[in-house]
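What follows is one structure encoded as structure tokens, with my remarks underneath.
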DNA sequence: TTTGAGCCTGCGGC
DNA sequence: AGCCGCAGGCTCA
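Encoded structure:
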């Protein structure tokens, strides 16, 4: 196994908490092995860890890149620049927390145990596809789907700690007609078509990905409108992408969860029982007026704090103080294990799904893990696929 | 212009 | 055991 060479950069933990930022539902591909975070980013594997005052980073290039680098004597490693850009490190988070606390008593009250939560500056294409996957879905399955995209359509980079690292697939690699069915076989459901079509829209665009990335320099309204043109992208997903990869820091994506926070914690009343488009805009405006130009950042803190209540409840039961406790870490390790075992099963699942359709007694076709279970049990009726 | 089915799968509750 | 309802929405009529 290749030995990692670590370098450090002074970054206080209050400026970024890797454990929170990389697990709060912004990005879905980061692995955590023995407190080291890893993910492919711009053609290399990036490794991150931290203590109270420093961020430690390392990287591994792909095999071909390594050879190229050895041939060119001068190797310029821009990994630090990539990380700084990805983590949006030039933006001072502690000052923003003070600002939001001064404007909003509820923020002051809730944010205490949730320092270091910032908005990443993600790759627009990966961000877009990830959030197309996010509809009617949970973080665990979104993560599995992103992994599956990389494994099945992404370029292999290298292996470390027995983990194979792949790049996030390009639009070109997803813009083939066979992709939709293959994604359905991989349990993407109705999102299969959205991803295929969106990939085609990018490849058919005059300047390809550059047109998508170019939305960064346009105003929010134009950016939002352009994003809505992609299949499978509605107001919420367009806002997630605007906030998380298009530099629109004041955008607050409104999902049912955020709407609940607005009504419950801020007594925000709209007179509507459903989150229709008018209410969607009103709620976003409300938070923007409350928190200001980095409203989207503030929202992610309260969002995480709200999800964190579950873990806090467990801690309180254990009679321990609430502090990013070990409970959270245990949960994460378990998640990694689940993901890995799913990867191992993937090949089997694909093979068998091509051959048979298995129906439950209720007549519903079985898929994914449940189907695999049934096959292993050997107590189901099999029907040849036409 | 606005509203509500229907959509895929996984999971937890009954 | 199986069925139901729902999860951090979008499309289409």
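Residue numbers (this note's numbering): 1230 to 1615. Glycine included, C-beta positions come from ideal geometry on N, C-alpha and C. Small disclaimer: the values here were computed from a predicted structure and weren't measured.
With respect to residue 1315, residue 1236 sits apart: the two C-beta atoms are not nearer than 8 Å. Across the structure, residue 1462 and residue 1362 are spaced so that their CA atoms are roughly 10 Å apart.
Residue 1474 counts as buried, since no fewer than 16 other beta carbons sit within 10 angstroms of its beta carbon. Closest option to residue 1432, judged by alpha-carbon separation, among 1317, 1399, 1352: 1399. A Cβ-Cβ separation of about 11 Å leaves residue 1396 out of contact with residue 1380 under the 8 Å criterion. Under the three-state reduction of DSSP output, residue 1435 falls in the coil class, being neither helix nor strand.
Of 1519, 1323, 1358, 1454, the smallest CA-CA separation from residue 1377 is found for 1358. Runs of beta strand (DSSP E) with 3 or more residues, each lying fully within the stretch 1276–1333, are found at 1283–1290, listed in chain order.
Between residue 1526 and residue 1478, the C-beta gap is smaller than 8 Å, which places the two residues in contact.
Residue 1453: not part of any beta strand (DSSP E); member of the alpha helix (DSSP H) spanning 1449–1457, first to last residue. Membership of residue 1490 in any beta strand (DSSP E) is not indicated; the residue belongs instead to the alpha helix (DSSP H) covering 1485–1495.
A Cβ-Cβ separation of about 7 Å places residue 1389 in contact with residue 1230 under the 8 Å criterion. For residue 1279, the closest C-alpha among the options 1293, 1296, 1272, 1243 is that of 1243. Taking C-beta atoms as the reference points, residue 1535 and residue 1483 fail to come closer than 8 Å.
Bridge pairing for residue 1388: 1393 [DSSP]. Taking a 10 Å sphere around the C-beta of residue 1331, we find fewer than 16 other C-beta atoms and assign the residue as exposed. Pairwise C-beta distances place the stretch 1332–1344 out of contact with the stretch 1254–1263, as fewer than three of them are shorter than 8 Å. Restricting attention to 1509, 1317, 1518, 1472, the CA atom closest to the CA of residue 1353 is found in 1472. In the DSSP assignment, residue 1480 falls outside any beta strand (DSSP E), carrying neither H nor E. CA-CA distance, residue 1271 to residue 1498, rounds to 44 Å. At a Cβ-Cβ threshold of 8 Å, residue 1372 and residue 1257 count as neighbours.
Between residue 1470 and residue 1346, the CB-CB gap reaches or exceeds 8 Å.
The beta carbon of residue 1456 lies closer than 6 Å to those of 1462, 1467, 1470 in the same chain, with the five residues before and after it left out. Residue environment analysis places residue 1292 among the exposed positions, since fewer than 16 neighbouring C-beta atoms fall within 10 angstroms of its C-beta. The C-alpha of residue 1423 lies about 20 Å from the C-alpha of residue 1435.
Put simply, the backbone Cα of residue 1441 is about 11 Å away from that of residue 1356.
Distance from the CA atom of residue 1290 to the CA atom of residue 1274, rounded to whole angstroms, is 6 Å. Beta-bridge pairing by DSSP links residue 1236 to 1286.
The bridge partners DSSP lists for residue 1262 are 1265. By the 16-neighbour rule on beta-carbons within 10 angstroms, residue 1419 is exposed. Of the candidates 1267, 1428, 1284, the residue whose Cα lies closest to the Cα of residue 1391 is 1267. The Cβ atoms of residue 1532 and residue 1480 do not sit closer than 8 Å to each other. For residue 1493, the number of other beta carbons within 10 angstroms of its own is below 16, and it is reported as exposed.
Collapsing the DSSP output to three states places residue 1350 in coil.
If the five residues before and after residue 1323 are omitted, its C-beta is found closer than 6 Å to the C-beta atoms of 1243, all from its own chain and listed in chain order.
About 7 Å separates the CB atoms of residue 1240 and residue 1318; that is less than 8 Å, so the two are in contact.
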